[in-house]
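Structure first, then comments.
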Amino acid sequence: MDRLEAMSLFVAAVEAGSLSAAGRHFGIPLATVSRKVSDLERHLKTRLLNRSTRQLTLTDAGHAYLAACHRILDEVGEAERTAAGEYSAPTGELIITAPIVFGRLHVLPVVTGFLAAYPDVAIRLMLADRITQLTEEHIDLAVRIGELPDSSLVATRVGSIRRVVCASPAYLAEHGMPKTPKDLAAHSCITFEGLTAPAAWTFATGKTELAVPIRSRLRVNTAEAAIDAAIAGVGMTRVLSYQITAAVRSGTLCAVLEAFEPQPWSVSLVHAGQGLLPVKLRAFLDFAAPRLKKRLMQATWQA
């Protein structure tokens, strides 16, 4: 039995959701895929998959074995890339993830520049507002905003962003400029899931943090919608500084309570950092880090 082939078929079946889909991916008949996975289970003396006519589900042993297969197949792939010369010239595919808005505004322009400079590298850019698992999801590099938990991941800090309260000049002219966070009790606020809580916003007062109750008159599920509502004069919202740079500079929004902002959040490039880095990843880090630093420095305004 070719165990590496059987492992590859097992992983493909789980990821595709069926043995037949794995067979189509590799150009192998369904009967052959089923036999090889069954041979693997007999070799291991345990069941890896629960099969039904509609779906495959992993057993407890299957979950553990799937993670081991990913590690083993990744190491084999790394050895093959080394032999093929990927560690001498940037080639192959990079999988990169970043938050949706930050990725569109700042990461995508850097990626397009990198692709122009390195024609033998392809990039899959995944924009998602969630914490991805680099090893489990086979991601080469992640752009992370915020404090990083202690882990074996390697991080390169490229800058920071602020959490900013803002409103339109028309709203402030009608309702007044808040001088302290407690003044927000008299104002209408716009909140959105992911950054702000519907009931309270946190501010810095010296070395401590202060949670201030707010009155959320509008709740939305994206920062863009919150910003548009603030520009329309609905109320105040709290967003990340890079999201409103253009609006502040154009005068359609004004930042308020800047003296009470919480500590800025770091922006970092994060990768697994296990073993020798492929040249494609090293090349992207060297290319992207200074450019993202420059973009973050430019995406601010004078208080």
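For any residue, its number in the numbering used here is found by taking its place in the sequence shown, counting from 1, and adding 18.
Think of the CB as a built atom: it goes at the ideal place given N, C-alpha and C, for glycine as much as any other residue.
Q) Is it true that the CB of residue 182 sits closer than 7 Å to the CB of residue 254? A) Counting from 1 along the sequence shown, the entry for residue 254 is found at position 236. Counting from 1 along the sequence shown, the entry for residue 182 is found at position 164. Their beta carbons are not under 7 Å apart, which means residue 254 does not touch residue 182 by this criterion.
Q) Going along the chain, which unbroken runs of the beta strand (DSSP E) with 3 or more residues stay wholly within the stretch 152-188? A) 159-163, 172-179, 181-185
Q) Who does residue 288 pair with in a DSSP beta bridge? A) Residue 288 sits at position 270 when you count from the first residue of the sequence shown. Partner(s): 160, 173.
Q. Three or more C-beta pairs closer than 8 Å, one from the stretch 190-207 and one from the stretch 224-233: is that the case here?
A. yes
Q. Between residue 186 and residue 270, which are expected to be in contact by the criterion C-beta below 8 Å, what is the C-beta distance as a whole number of angstroms?
A. Position 168 of the sequence shown holds residue 186. Position 252 of the sequence shown holds residue 270. The pair is a contact, with the Cβ atoms about 7 Å apart (cut-off 8 Å).
Q.
Does the stretch 48-55 come into contact with the stretch 76-89, if we say contact requires no fewer than three beta-carbon pairs (one atom in each stretch) closer than 8 Å?
A. no
**Q.** Range covered by the beta strand (DSSP E) that runs through residue 141
**A.** By one-based count along the sequence shown, residue 141 stands at place 123. Counting along the chain, the beta strand (DSSP E) containing residue 141 begins and ends at 139-145.
Q) Starting from residue 32 and walking both ways along the alpha helix (DSSP H), at which residues does that stretch end? A) Indexing the sequence shown from 1 puts residue 32 at position 14. From DSSP, the alpha helix (DSSP H) with residue 32 extends over 21-34.
(Q) Check for me: the beta strand (DSSP E) holding residue 220 runs from which residue to which? (A) Working through the sequence shown from its first residue, we reach residue 220 at position 202. Residue 220 -> beta strand (DSSP E) spans 218-223.
Q) When we look at the beta-carbon of residue 256 and count the other beta-carbons within 10 Å, is it buried (16 or more) or exposed? A) Position 238 of the sequence shown, counting from 1, holds the residue named residue 256. Buried, by the Cβ-count rule.
Q.
Among 40, 309, 29, 80, whose alpha-carbon lies nearest the alpha-carbon of residue 63?
A. Locating residue 63 in the sequence shown gives position 45, where the first residue counts as 1. Of the candidates 40, 309, 29, 80, the one whose C-alpha sits nearest the C-alpha of residue 63 is 80.
Q. Which of the three DSSP states, helix, strand or coil, is assigned to residue 295?
A. For the purposes of this step, residue 295 is taken as the residue at position 277 of the sequence shown. DSSP places residue 295 in coil when its eight states are reduced to three.
(Q) Does residue 46 come out as helix, strand or coil in the three-state DSSP assignment? (A) Here the question's residue 46 lines up with position 28 in the sequence shown. In this structure, residue 46 counts as coil in the three-state DSSP scheme.
Q) What residue ranges within the stretch 237-293 form continuous alpha helix (DSSP H) runs of no fewer than 4 residues, ordered along the chain? A) 241-249, 263-268
Q | Under the three-state DSSP convention, the category residue 56 falls into | A | The residue you call residue 56 lines up with position 38 of the sequence shown. Correct three-state label for residue 56: helix.
(Q) Would you call the stretch 151-159 in contact with the stretch 276-296, where contact means no fewer than 3 C-beta pairs closer than 8 Å? (A) yes
Q) From residue 139 to residue 189, what does the alpha carbon distance come to, in whole angstroms? A) Start at 1 with the first residue of the sequence shown, and residue 139 comes out as number 121. Start at 1 with the first residue of the sequence shown, and residue 189 comes out as number 171. Their backbone Cα atoms lie some 49 Å apart in a straight line.
Q. Comparing alpha-carbon positions, which option in 228, 309, 45, 316 lies nearest residue 267?
A. Here residue 267 is taken as the residue at index 249 of the sequence shown, counted from 1. Here the closest residue by C-alpha is 316.
Q) In whole angstroms, what is the alpha-carbon distance linking residue 286 and residue 265? A) In the sequence shown, the residue the question calls residue 286 occupies position 268. In the sequence shown, the residue the question calls residue 265 occupies position 247. Going by the C-alpha atoms only, they are around 25 Å apart.
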